[in-house]
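Asks: Read in the numbering used here, the sequence shown has 229 at position 229, and its numbers run on one by one without any break.
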Amino acid sequence: MTTRTALALTAAAAALAIPAASHGAVVSLGFGGATAKTPIVGSDQHLPPLAVTTDYLVSPAMGANIVALRQSGGYTADINGTVSRARTYLDGWLDRTCGKNAPVAKVRKCKAMVVSDMDDTLVSWYQYYSDPAVNWTENPPVQDQIMQACGTPAIQPSVNLLRRATARGVAIVVITGRKQATLPYTASCLEKIGVTGVKQIIQRSPQQETLTAAVYKSRARAGLEKQGWKIALSIGDQVSDMSQGHADAGFLLPNPMYFIP
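Shown next, in the form of structure tokens:
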């Protein structure tokens, strides 16, 4: 999140705005193209197509819509609905892949895995961006200080999903766009919010800085599959967290604040 060049939304992006008092239904989403191999479930946010090659950060003029969405309860409903679908899917996937009601030891032997994004999936940056003093702008040095202090509150439904998966014997890998230098405080933040026993945290190397998130993350998942892991699902707030295959399903959490292809 903090490594990208944020672009303010222009008037042409008004069609992407979520109405202030509404929220999208949690549905099966058909993005096509690079996402065709992975069924995706989430909140329909009227996102741009994955073919868009530039990132954006919502403009201050549009920020009021996001505040209203939060205050209406729509965001919470969409998060809870998507995570509930992910939990049900994972239970069924484990029954099909590792054996019905398989015990922890059998699930571990089955090499079942869940992949998760970090920012605005497990921890929320809404409080930062919506602060009137910040007003929907980026400030990388300040954001790095927030990361070091784990000053981003947990997104509890997502955290609970990973904790439940761990209790079932599923391995957890976090694939984040954060730079490798942030690893010590990213790891400690995961522990602080209750995501323990993570098998691996994968972060961008300097050589990967030029890759899109979709390419970087799909390659990381492909590498895990080459090690014999079976990725039940990938959960994140961006389509690029689950596009280009190498996961049996994707669960897209609502995030109208920014888009990362």
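Every residue, glycine too, gets a C-beta built ideally from N, C-alpha and C. Remember, predicted model here, so these are calculated numbers, not experimental data.
Of the residues GLN71, TRP93, ALA77, ALA213, which one's Cα is nearest the Cα of MET118?
Replies: Cα-wise, what sits closest to MET118 is ALA213.
Asks: Should the segment 132-145 be called in touch with the segment 199-209, which here means at least 3 C-beta pairs below 8 Å?
Replies: No, because fewer than three Cβ pairs between the segment 132-145 and the segment 199-209 fall closer than 8 Å, the two stretches do not touch.
Asks: Assuming VAL123 contacts ALA154 (C-beta within less than 8 Å), just tell me the rounded distance between them.
Replies: Yes, VAL123 and ALA154 are in contact; Cβ-Cβ is about 6 Å, under 8 Å.
Asks: Using a Cβ distance threshold of 8 Å, determine whether the segment 145-159 contacts the segment 182-192, with at least three qualifying pairs required.
Replies: The segment 145-159 is in contact with the segment 182-192.
Asks: Going by the C-beta, is ASP55 closer than 6 Å to any heavy atom of the ligand HEM?
Replies: No copy of the ligand HEM appears in this structure; indeed no ligand is present at all.
Asks: Give the secondary structure of GLN207 by DSSP, where H, G and I count as helix, E and B as strand, and everything else as coil.
Replies: Looking at GLN207 - three-state DSSP - the assignment turns out to be helix.
Asks: I'd like the list of long-range same chain contacts for TYR89, defined as Cβ closer than 7 Å, with 5 residues on each side in sequence excluded.
Replies: These residues qualify, in order along the chain: LEU233, ALA249.
Asks: Report the partner residues of GLY151 according to the DSSP bridge assignment.
Replies: In the DSSP output, where bridge partners are listed per residue, GLY151 has none listed.
Asks: Please list, in chain order, all residues of the same chain as LEU252 whose beta carbon is under 6 Å from its beta carbon, the five residues on each side excluded.
Replies: Hits under 6 Å: ILE40, GLY42.
Asks: What do you get for THR137, buried or exposed, if any count of 16 or more other CB atoms within 10 angstroms of its CB means buried?
Replies: Exposed, by the Cβ-count rule.
Asks: Helix, strand or coil: which one does DSSP assign to ALA165?
Replies: If DSSP states are grouped into helix, strand and coil, ALA165 belongs with the helices.
Asks: Roughly how many angstroms separate the alpha carbons of THR176 and ASN160, rounded to a whole number?
Replies: Spanning the two alpha carbons is a distance of roughly 19 Å.
Asks: According to DSSP, which residues form a beta bridge with TYR56?
Replies: DSSP, once it has assigned bridges, lists PHE259 as partnering TYR56.
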